[in-house]
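Engineer:
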Amino acid sequence: MSSSDAEQAATARAAGAPVIYGDASRPDTLHAAGLSQARLVVVTLPHPQSVFRIARAVRQRHPALPVVVVCWRESEALVLKELPNVHVYKAAVAPALGLAEQVMHLGGVPVSAANGALSSMRNSTTL
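For the sequence shown, the positions run 18 to 144 when the working numbering is used.
(1) Go ahead and pull the three-state DSSP assignment for H104.
(2) Please list the terminal residues of the continuous alpha helix (DSSP H) segment that includes V120.
(3) For A111 and D45, I'd like the C-alpha separation in whole angstroms.
(4) Thinking L100 and C88 are a contact (beta carbons under 8 Å), I'd like their distance in whole angstroms, please.
(5) Using beta-carbon positions only, say whether P65 and E93 come within less than 8 Å of one another.
(6) Just mark V58 as buried or exposed, buried being the case when its beta carbon has 16 or more other beta carbons within 10 Å.
(7) Which word fits V120, buried or exposed, when buried means at least 16 other C-beta atoms lie within 10 angstroms of its C-beta?
(8) Helix, strand or coil for V86, going by three-state DSSP, please let me know.
(9) Could you say which of A23, G125, R90, G124 lies nearest to A109 if we only look at CA atoms?
(10) Does V96 come out as helix, strand or coil in the three-state DSSP assignment?
(11) Just to confirm, is the Cβ distance from H122 to A113 under 8 Å?
(12) Spatial neighbours of A81 within its chain, please: CB distance less than 7 Å, with the 5 preceding and 5 following residues excluded, ordered by chain position.
Written out as structure tokens, the structure is:
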């Protein structure tokens with residue numbers, strides 16, 4: 018976990034989570050966070066400029082590494098989806114997918130059918 022919020026980082030660290038405190042668009046922070054061993058990077062910050070800087074910094078260092086970003090506005094998504102290997106999701110989608118998954122599980126939908134439906138929903142909501 019990488020955090021730019023010192024208080025949040027300290028709380029997570031005290032709970033035993035591995036936390037790197039700093040600006041994730043900086044090479045030294047990305048290195049400390051283990052970017053070279055990462056399978057993917059997820060960016061969920063509410064500030065579009067920060068999200069873009071981080072995604073671009075990751076792209077420059079590891080072009081093949083998938084980056085998943087969450088956007089609140091269509092205009093942000095249009096800029097971010099131009100970066101290679103950046104997967105853009107609408108902020109409202111995650112709670113909806115979680116609810117859909119729970120409803121299908123409780124409603125007795127077979128796991129394979131539920132997974133297929135969720136995959137379809139994810140694909141249709143990716144920008």
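We put the CB at the ideal spot given by N, CA and C, even for glycine. These numbers were taken from a predicted model, which means no experiment stands behind them.
Structural biologist: A quick look at the data gives this:
(1) Strand at H104.
(2) For V120, the enclosing alpha helix (DSSP H) has its first and last residue at 110-123.
(3) About 31 Å.
(4) Not a contact, Cβ separation roughly 12 Å.
(5) The Cβ atoms of P65 and E93 lie closer than 8 Å to each other.
(6) V58 comes out buried.
(7) Using a 10 angstroms sphere on the CB of V120, the tally of other CB atoms stays under 16, which defines it as exposed.
(8) If DSSP states are grouped into helix, strand and coil, V86 belongs with the strands.
(9) Checking every option, the nearest Cα to that of A109 belongs to R90.
(10) Helix at V96.
(11) The answer is no: Cβ separation not under 8 Å.
(12) Same-chain partners within the cutoff: N102.
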